[in-house]
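Structure first, then comments.
Residue numbers (my numbering): 150 to 776.
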């Protein structure tokens with residue numbers, strides 16, 4: 150007798166097209182699709198292209214029409230500015246419709262691109278939804294991104310308009326955006342018609358006459374506009390991937406498949422009900438922010454939280470628990486690095502004990518591998534289900550999860566549980582053959598990818614095919630390595646370029662990280678391969694110790710060398726472990742192991758544009774020099 154999850158997964162496997170057409174029926178289309186997917190002349194897949202809908206209508210208008218206009222749609226909480234604000238579905242709909250009118254008056258129409266370069270404020274969400282209302286294609290770029298990186302994205306997307314704010318507010322600084330925008334526009338070959346600037350009280354931006362428009366002033370005379378019907382295969386947004394350097398790689402998301410996937414995932418992956426409070430503690434510049442701060446919660450009629458703060462230092466390590474209590478959050482989704490930061494500053498979770506968090510049903514983690522020590526700490530301290538799930542910017546939603554909306558499965562530390570219905574996940578060896586259970590290989594997804602995943606790279610089909618589809622024909626190459634165990638559970642062991650070759654033996658740095666992170670003094674760590682003239686590569690570890698650790702770092706380093714030797718064997722050769730103050734990360738919390746490898750090997754540092762603090766490499770270099 151199959152359980153509910155296996156029944157639904159088998160239903161998908163037997164007839165993917167019918168499975169997704171059934172899900173599509175749950176959305177309000179202007180014209181319902183009659184077929185699920187088609188292939189274009191390049192052999193690429195598009196979902197529901199004979200249907201017509203509008204994503205902004207899905208997110209706002211349908212709920213107002215259904216009588217839920219007074220329900221809270223968006224909660225804005227900004228500890229860095231001491232601001233809190235709530236929008237009902239009706240209020241948000243009115244603001245979005247009017248701002249869509251502002252953009253329409255500036256010549257923006259269906260298919261035009263709009264770059265959004267904003268901090269975590271409600272106007273950013275309003276701008277995204279207003280683009281969707283007009284059928285325009287938005288491309289969100291982190292506010293505060295370097296001018297050069299913004300210019301590259303302007304030249305790739307060729308937007309008609311830029312939406313921005315006068316500044317971003319950090320814990321201990323204010324970043325003026327307007328000089329960065331002006332510099333980027335000067336650098337870019339593509340010229341912008343207009344910039345709409347929201348003036349924040351911390352800094353007033355100087356506006357250039359005729360080109361720059363004051364957001365609030367434009368809203369005073371704006372006329373609200375109705376949603377514009379678009380095809381299911383029309384693009385909703387372009388999102389440039391976090392590792393972009395040089396030529397940008399713009400992931401495309403189409404309206405129809407995205408709407409269906411977002412609706413399905415809120416129920417299946419997160420176990421939410423309409424009216425619940427959902428908090429994705431991320432940034433709208435990342436795919437998590439697009440999918441689970443803005444679109445999915447609103448499409449599913451949940452209340453979503455926009456948090457302009459950090460897990461620590463706004464004001465302390467109890468910040469997340471304060472938000473949970475204050476807004477009665479039912480599900481919290483963030484990256485493992487957020488809880489590693491909390492664990493480092495508050496190892497005994499004293500902050501958690503200060504707040505009433507009974508509303509919280511589950512904690513979801515994604516963005517990088519959830520190491521078992523962080524999983525165990527979080528589970529022990531909160532007594533809540535801790536659910537790892539694995540996905541990518543490219544897919545837009547979870548490839549593997551614990552499908553709590555169908556059936557809550559037993560969790561296994563280190564595993565993102567099972568493939569989500571819609572994703573035919575397979576482990577392939579270097580020859581493209583399926584691996585046996587528990588055998589590590591390349592994680593691939595059999596085509597077609599489900600709704601919501603990228604159909605291509607913006608204006609670069611050749612790059613999409615070369616990067617994702619060519620190595621294993623008929624499959625999407627995830628770039629991650631892992632294995633599926635005897636129970637069908639998927640274990641992601643890290644990027645395939647994080648597998649190192651020691652004297653002909655392929656070793657997983659993820660496996661070594663598990664062991665290193667399990668030491669009670671270690672807050673977080675990174676294991677990576679460095680060049681060795683004799684063995685090709687050798688593993689090296691960098692560790693960050695917990696704030697309350699008072700012993701000798703050298704003793705911890707020596708103990709870890711022995712532990713890895715005991716658990717993996719002498720072949721692991723992990724003999725160099727260095728204690729550092731902090732590790733280099735992207736703004737989404739991914740540890741930059743490749744850059745650490747470049748630093749130690751003396752190679753040129755190819756630092757991604759999304760790094761949180763580029764100065765950290767100089768700090769680490771000084772610490773290495775002092776050893």
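Just so it is clear, CB atoms sit at the ideal spot from N, CA and C, and this is done for glycine as well. The structure displayed is predicted, hence computed values, not measured ones.
CB-CB under 7 Å to residue i, same chain, minus the five flanking residues each way: which ones, in chain order?
i	result
residue 241	209, 222 and 223
residue 324	293, 316 and 317
residue 237	218, 219, 220, 221 and 222
residue 257	263, 283, 285, 309 and 310
residue 275	244, 245 and 248
residue 239	213, 218 and 219
Assign residue i to one of two classes, buried (16 or more other C-beta atoms within 10 Å of its C-beta) or exposed (fewer than that).
i	result
residue 511	buried
residue 711	exposed
residue 353	exposed
residue 380	buried
residue 538	buried
residue 297	exposed
residue 611	exposed
residue 184	exposed
residue 320	exposed
residue 703	exposed
residue 214	exposed
residue 464	exposed
residue 525	exposed
Give me the Cα-Cα distance between residue i and residue j, rounded to the nearest whole angstrom.
i	j	result
residue 727	residue 693	9 Å
residue 559	residue 769	40 Å
residue 732	residue 488	15 Å
residue 458	residue 708	37 Å
residue 206	residue 177	9 Å
residue 394	residue 600	The predicted model places residue 394 with a pLDDT of 43, which falls under 50 and marks its position as unreliable, so this point remains unresolved.
residue 249	residue 349	21 Å
residue 469	residue 430	9 Å
residue 574	residue 540	12 Å
residue 189	residue 279	29 Å
residue 246	residue 310	17 Å
residue 407	residue 514	21 Å
residue 680	residue 686	5 Å
residue 169	residue 160	10 Å
residue 497	residue 739	24 Å
residue 568	residue 548	6 Å
residue 753	residue 690	20 Å
residue 494	residue 192	51 Å
residue 337	residue 302	9 Å
residue 698	residue 553	37 Å
residue 261	residue 253	11 Å
residue 716	residue 582	29 Å
residue 435	residue 388	8 Å
residue 420	residue 273	27 Å
residue 476	residue 426	8 Å
residue 472	residue 500	12 Å
residue 483	residue 516	8 Å
residue 235	residue 485	28 Å
residue 290	residue 565	29 Å
residue 198	residue 765	47 Å
Apart from the five residues just before and just after residue i, which ones in its own chain have a Cβ nearer than 6 Å to its Cβ?
i	result
residue 603	400, 401 and 543
residue 561	638
residue 706	726
residue 807	This structure gives no information on residue 807, because the portion of the chain shown stretches from 150 to 776.
residue 287	263, 265, 277, 280 and 386
Going by DSSP, which residues form a beta bridge with residue i?
i	result
residue 195	187
residue 690	676 and 726
residue 706	Bridge partners of residue 706: none, in fact.
residue 400	388 and 606
residue 454	224
residue 429	482
residue 201	180 and 380
residue 631	590 and 641
May I ask you to check if the CB of residue i is nearer than 7 Å to at least one heavy atom of the ligand SAH?
i	result
residue 287	Although the ligand SAH was asked about, the structure shown includes no ligands whatsoever.
In chain order, what residues of the same chain have a beta carbon less than 8 Å from the beta carbon of residue i, not counting five sequence neighbours either side?
i	result
residue 596	194, 618, 623, 624 and 625
residue 578	584, 588, 590 and 591
residue 201	178, 179, 180, 378, 379, 380 and 381
residue 158	567, 568 and 570
Can you give, in chain order, each stretch of the alpha helix (DSSP H) that sits fully within the segment 222-304 and has at least 4 residues? 238-254 and 271-283
Ignoring anything shorter than 3 residues, give me the beta strand (DSSP E) runs that lie fully in the segment 314-374, in order along the chain. 316-318, 323-325, 343-347 and 361-363
Quick check for students: name the residue ranges of the beta strand (DSSP E) that lie wholly in the segment 508-596, counting only runs of 3 or more. With a minimum length of 3 residues, the continuous beta strand (DSSP E) runs that stay inside the segment 508-596 are 511-514, 535-537, 574-577 and 590-595.
Scan the segment 466-505 and note each continuous beta strand (DSSP E) run of 3 residues or more that stays entirely inside, going in chain order. 480-483
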